[in-house]
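My numbering puts the first residue of the sequence shown at 1, with every later residue one more than the last. This report concerns only the one structure given below.
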Amino acid sequence: MTGGGRSLRGRAAYSGGLEAEHRAAVILGDLGFTVLARRLRTPVGEIDLIAVDPALLLIVEIKRRPTLRDAAYALTVRQSQRLLSAADYVLGAHPEWHRDSIRIDVIIFDAAMRARRIQDALRIS
Numbered sequence: 001m002t003g004g005g006r007s008l009r010g011r012a013a014y015s016g017g018l019e020a021e022h023r024a025a026v027i028l029g030d031l032g033f034t035v036l037a038r039r040l041r042t043p044v045g046e047i048d049l050i051a052v053d054p055a056l057l058l059i060v061e062i063k064r065r066p067t068l069r070d071a072a073y074a075l076t077v078r079q080s081q082r083l084l085s086a087a088d089y090v091l092g093a094h095p096e097w098h099r100d101s102i103r104i105d106v107i108i109f110d111a112a113m114r115a116r117r118i119q120d121a122l123r124i125s
């Protein structure tokens, strides 16, 4: 396999990830959430989506894989730790986003863009 093939595959994965993030934002909007940030970069990691409703700050990780099962297992321990660190950073940097409750969800997609939302996937200590 050539480097060009990997590059093409990388571009396809990036495009698919953007599509999944857009679909996740639509899903959250349909549930009454307002998206505050997409692909929010922090010094300790990136958060795919941050959304709120009147009582809840929702931090969302998005995974897209060939199957929902693959996507469900795609979040590694290291990624989880980075996500928790990024969430902690955001809470300190954006006090205006605070709500009564904070939750980290994972929204997974398969190749056909079927989605599942895993609520409270990680806990902020």
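A virtual CB, placed ideally from N, CA and C, is assigned to each residue, including glycine.
Range of the contiguous beta strand (DSSP E) that encloses residue i
i	result
L91	No beta strand (DSSP E) contains L91, which is instead part of the alpha helix (DSSP H) from 77-93.
R116	115-122
G45	45-52
A37	34-42
Residue i vs residue j beta-carbon contact at 7 Å
i	j	result
D53	I62	no
V26	A51	no
Y89	T42	yes
D105	V60	yes
R103	L68	no
Residue i, DSSP secondary structure in three states
i	result
M1	Note that M1 scores 47 on pLDDT, short of 50, meaning its location in the model is unreliable and no value can be drawn from it.
D110	coil
Sequence-distant residues of its chain with Cβ nearer than 6 Å to residue i (five each side left out)
i	result
R65	A71, A74
Own chain residues within Cβ distance below 7 Å of residue i, not counting five before or after
i	result
A111	P66
A55	R99, D100, S101
Bounding residues of the alpha helix (DSSP H) (the contiguous stretch that carries residue i)
i	result
R69	68-72
Sequence-distant residues of the same chain with beta carbon closer than 8 Å to residue i, five excluded per side
i	result
I118	A72, D105, V106, I107, I108
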